[in-house]
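Heads up: the structure comes next, in C-alpha cells.
Number of protein chains: 2
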Amino acid sequence: MATTMDIQDRIAKLNWERQPQGLYEPIAYTMASGGKRVRPQLAILACEMFGGNTEEVAPAAIALEIFHNFTLLHDDVMDKADVRRGRPTVHVKWNDNTAILSGDQMLIEAYKQLSSVPASKLPKALQLFNQMATEICEGQQYDVDFEAQDHVEIADYLMMIRLKTAVLLATALKMGAYIANADEKAQEALYQFGINIGLAFQIQDDILDVWGDPATFGKAVGGDISCNKKTFVYLTALQKANGECAQELHMWYSQVNEDNTAKIAAVKGIFEQLDVRSACEKQVDEYTTHAMELLATLPQNAATEQLRQLAMKLHNRKL
Amino acid sequence: MATTMDIQDRIAKLNWERQPQGLYEPIAYTMASGGKRVRPQLAILACEMFGGNTEEVAPAAIALEIFHNFTLLHDDVMDKADVRRGRPTVHVKWNDNTAILSGDQMLIEAYKQLSSVPASKLPKALQLFNQMATEICEGQQYDVDFEAQDHVEIADYLMMIRLKTAVLLATALKMGAYIANADEKAQEALYQFGINIGLAFQIQDDILDVWGDPATFGKAVGGDISCNKKTFVYLTALQKANGECAQELHMWYSQVNEDNTAKIAAVKGIFEQLDVRSACEKQVDEYTTHAMELLATLPQNAATEQLRQLAMKLHNRKL
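Just so you know, the sequences run in chain order A and B.
To convert, take the position in the first sequence, counting from 1, and add 395; that gives the working numbering.
To convert, take the position in the second sequence, counting from 1, and add 395; that gives the working numbering.
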C-alpha cells in the first residue's frame, strides 16, 4: 500500500534522465523544486479514508502532481514570473520555447502516469482528470480576462479561483474516493470539502500577499498590489469603499510603476482603513468551517484526521 | 459506421462555442483552418481494412486531428511563424499567451475525445497515444537541438523527422488496426507503412521547399534555406560536396539576412550542381516503395486501395 510518505518518495524518484536532455532536464528541475505535494497526499488520504487500495490511486496521485507542476511552468511563462520557490523559473533559466515544450511534455507525462490506473477504473479516472484539466485552463483564461476588465464581481472572482485553484484539490480527493469505491454522495462531499479548502487557501493567499511575513510567505509581499491584481482583498475593499476612497483605489490600480513602495503602503493603508482584513479572514473561516462540516459527514478514521490537519495547516499558514 | 467523409464532417462540427471565449475561439480558429485531415482518415481506413467498427475508432481519429493541430499551434509560437495555411497564426492574431493556453486546452481536448474509445480498448489506445505524443515532443526538441548544432548526421535527421512527423501518421494507422482487432504483426506492418510514408512526405517537403511551385506549395519557396534549416536536401548536399563547395554552403548557412533572394539562388545553384535533387527523390521513392511493399502484405480490399491512393497523393504533390 502506498502511504502519503511513499507517494512523495515516488515523485522524488521519477526518472527524468532521458533523451533528449533539452526536453527532460527542465522537467526534472521543475519536479525537484519541491512544494508540499499536497495534491497527491489528498488523493492517497481520500482513498485510505474509504479503505481503498492506495496502490490503485498512486498513478493518479502522481499524475495530479505532475499536472500541477505543468500549470505552474506554463503560468510562469504567461505571467513572466522570474522566480518560483526561490529559484529562477524555467523560461528564465532556459527560455520561453523550452518552457512551452517541456511543459507540453509534462502534461503528456501526467496522462502517462494516469494510464496505469486499473483498467476497469481508467475511463472514469480519465474523465475526472480531463474535466479538472479543462476547468483549470478555463480558470486561467478568466484570470487573464479579469486583468483587462474594468470591473470584476466578487462572485466572478470566486468562480475563477474555484476553477483555477480549488478544482485540482477537489479532484485529487474525489479521485481517491472513487478509486476506493466510495459511493457518489461521499465522493461529492469530499469534492466539496476540497473546493472549500481551495477557496479558503486562495483567499488566505490574497491576504498573505498584503499582510504576510516576507520571511515565511515565499513571494514578495505586495506583489498583487504592484501588478494591480484584482484579488479578493481588493474587490472586498472596493465593495466597502465610498466614492472618494474607491476613486483613490482606482487611481493607484491604474498605475504601473518601477518602484511600488509608496503604492503598496498607500493601498495597504486604504485596506486597513476599510477594515478589509477581518472581512477577508471571516470569509476564509467560513469556507474552512464549511469544509470541516462536510468532512464530519464522512467516515471518521486516521485518514480523516490527517485530512482535517492538512486543511488546518493550509488555513493557519503564517500571516 | 463512420466513413472518412463522416469523420471530416464531425471534426468540422465540433462545438467550440464555449466560455470563456478567449480560450475556445482560438481553438475554433485553428480547427477551422482546414488541412486535409489525413490522420483521422488513416485511422478510419486502417480500421475498415480489418473489418473493424469504425465508430469505435472515431473518437481516437478526432483526438489525433486535434493533437496534430495542437502541435502546429505551439510549434508556430516556438518558430515565430506568422502564417499558417494562408492565415495569420494564433500568436499573431491574438498573442503568445493565448497560443500557449489555448494550445494546452487543445491537448486536453484531444484526451477528452480519446476517452470515448470503448472502455475495454481504452488502456491500450491511451498508451499508443501517449507514446506518440511523447515521441513528437522529443522530435520537436531534437529539431531545436539540431538548429544549434554545427554538424548533423543524416541518420540523426531521419530519426528526428520520424519522431516529429512520421510517428503521428503511423500511430493513426496502428490505432485503427488495433481497434479493429488486427493481430500485432499486422498492426506493426501498418505502423511501418505509416513511418515510411511519413519519411517520404517530409523529405518531399524538403524538396518542395527548394524546387516547389510557389503557387501550389502553400509556403514561401526557399524558406528552409533562408533560416539555415539543415534539411535532408542540405545534408545530402553537404555529403556530396567537396571541400570548397562545402565551405561555400557553410558560408551561406552562417548568414542571417533581411533579403534572402541572392542566398536562395546561390544555394539552389549549389544543390543543382551537386545533383542533390535526384538523390533526394530517389530516397522518397525508396520509402514509398517500401511502404507499398508493406501494404501488399496486408488484407487487400477497398480500404487498402484508398490507403494506397492516399500515400501516392502525398508522394506526388506538385513540384
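The C-beta atom is built at its ideal place from N, Cα and C for all residues, glycine as well.
With 8 Å set as the bound, which would you pick, yes or no: does the beta-carbon of residue i sit closer than that to a beta-carbon of chain B?
i: residue 472 of chain A; result: yes
i: residue 525 of chain A; result: yes
i: residue 467 of chain A; result: no
i: residue 514 of chain A; result: yes
i: residue 556 of chain A; result: no
i: residue 532 of chain A; result: yes
i: residue 415 of chain A; result: yes
i: residue 537 of chain A; result: yes
i: residue 492 of chain A; result: yes
i: residue 714 of chain A; result: Per-residue confidence for residue 714 of chain A stands at a pLDDT of 44, beneath the threshold of 50, marking its modelled position as unreliable; no derived number is given.
i: residue 428 of chain A; result: no
i: residue 461 of chain A; result: no
i: residue 544 of chain A; result: no
i: residue 704 of chain A; result: no
i: residue 551 of chain A; result: no
i: residue 398 of chain A; result: no
i: residue 503 of chain A; result: yes
Could one say the Cβ of residue i lies closer than 8 Å to chain A's Cβ atoms, at least one of them?
i: residue 411 of chain B; result: no
i: residue 477 of chain B; result: no
i: residue 507 of chain B; result: yes
i: residue 529 of chain B; result: yes
i: residue 454 of chain B; result: no
i: residue 621 of chain B; result: no
i: residue 407 of chain B; result: no
i: residue 716 of chain B; result: The displayed coordinates of chain B run from 396 to 714. Any statement about residue 716 of chain B would go beyond what the structure contains.
i: residue 670 of chain B; result: no
i: residue 601 of chain B; result: no
i: residue 457 of chain B; result: no
i: residue 436 of chain B; result: no
i: residue 421 of chain B; result: no
i: residue 483 of chain B; result: no
i: residue 563 of chain B; result: no
i: residue 495 of chain B; result: yes
i: residue 440 of chain B; result: no
i: residue 701 of chain B; result: no
i: residue 500 of chain B; result: yes
Between residue i and residue j, how many whole angstroms is the CB-CB distance? I'm expecting something under 8 Å.
i: residue 619 of chain B; j: residue 608 of chain B; result: In fact, because the Cβ distance is near 16 Å, the residues do not count as touching under 8 Å.
i: residue 496 of chain A; j: residue 536 of chain B; result: 6 Å
i: residue 717 of chain B; j: residue 699 of chain B; result: No statement about residue 717 of chain B is possible, as the shown extent of chain B runs from 396 to 714 and does not include it.
i: residue 465 of chain B; j: residue 505 of chain B; result: 6 Å
i: residue 624 of chain A; j: residue 671 of chain A; result: So it is not a contact: roughly 15 Å between Cβ atoms.
i: residue 485 of chain A; j: residue 421 of chain A; result: 5 Å
i: residue 503 of chain B; j: residue 529 of chain A; result: 6 Å
i: residue 603 of chain A; j: residue 480 of chain A; result: Actually they are not in contact, since the Cβ atoms of residue 603 of chain A and residue 480 of chain A sit about 15 Å apart, beyond 8 Å.
i: residue 523 of chain A; j: residue 570 of chain A; result: 6 Å
i: residue 525 of chain B; j: residue 507 of chain A; result: 5 Å
i: residue 665 of chain B; j: residue 615 of chain B; result: Residue 665 of chain B to residue 615 of chain B, Cβ: 20 Å. No contact.
Given a cut-off of 8 Å on the beta-carbon distance, is the pair residue i and residue j in contact?
i: residue 679 of chain B; j: residue 645 of chain B; result: no
i: residue 491 of chain A; j: residue 478 of chain A; result: no
i: residue 617 of chain A; j: residue 605 of chain A; result: yes
i: residue 437 of chain A; j: residue 552 of chain A; result: no
i: residue 499 of chain B; j: residue 469 of chain A; result: yes
i: residue 418 of chain A; j: residue 532 of chain B; result: yes
i: residue 441 of chain B; j: residue 572 of chain B; result: yes
i: residue 434 of chain A; j: residue 567 of chain A; result: yes
i: residue 512 of chain A; j: residue 450 of chain A; result: no
i: residue 586 of chain B; j: residue 610 of chain B; result: no
i: residue 622 of chain A; j: residue 669 of chain A; result: no
i: residue 439 of chain B; j: residue 423 of chain B; result: no
i: residue 780 of chain B; j: residue 661 of chain B; result: There is no way to answer for residue 780 of chain B, as the model of chain B reaches only from 396 to 714.
Inset, instruction - Mind the definition here: the stretch 579 to 594 of chain A touches the stretch 546 to 564 of chain A only if three or more C-beta pairs lie below 8 Å; say whether that holds. - result: yes
Legend entry - Cβ pair count under 8 Å reaching 3, the stretch 514 to 525 of chain B against the stretch 509 to 519 of chain A: yes
Inset, instruction - Kindly provide the ranges of any alpha helix (DSSP H) runs that are 4 or more residues long and lie completely inside the stretch 505 to 559 of chain A, ordered along the chain. - result: 517 to 543, 549 to 556
Legend entry - Start-end ranges of the alpha helix (DSSP H) lying completely within the stretch 560 to 603 of chain A, minimum 4 residues: 562 to 574
Legend entry - Any 3 or more C-beta pairs closer than 8 Å across the stretch 698 to 707 of chain A and the stretch 396 to 410 of chain B: no
Inset, instruction - Report yes or no: do three or more beta-carbon pairs, one from the stretch 457 to 465 of chain B and one from the stretch 412 to 432 of chain B, lie closer than 8 Å? - result: yes
Legend entry - Inter-stretch contact at 8 Å, needing at least 3 Cβ pairs: the stretch 689 to 698 of chain A / the stretch 409 to 418 of chain B: no
Legend entry - At least 3 beta-carbon pairs within less than 8 Å: the stretch 571 to 580 of chain B vs the stretch 440 to 449 of chain B: The count of Cβ pairs closer than 8 Å, one atom from the stretch 571 to 580 of chain B and one from the stretch 440 to 449 of chain B, reaches three, so the stretches are in contact.
Legend entry - In chain order, each alpha helix (DSSP H) run of at least 4 residues that lies wholly inside the stretch 596 to 666 of chain A: 609 to 612, 618 to 621, 627 to 635, 638 to 647
Legend entry - Unbroken stretches of the alpha helix (DSSP H), 4 residues or longer, contained in the stretch 405 to 442 of chain B: 416 to 427
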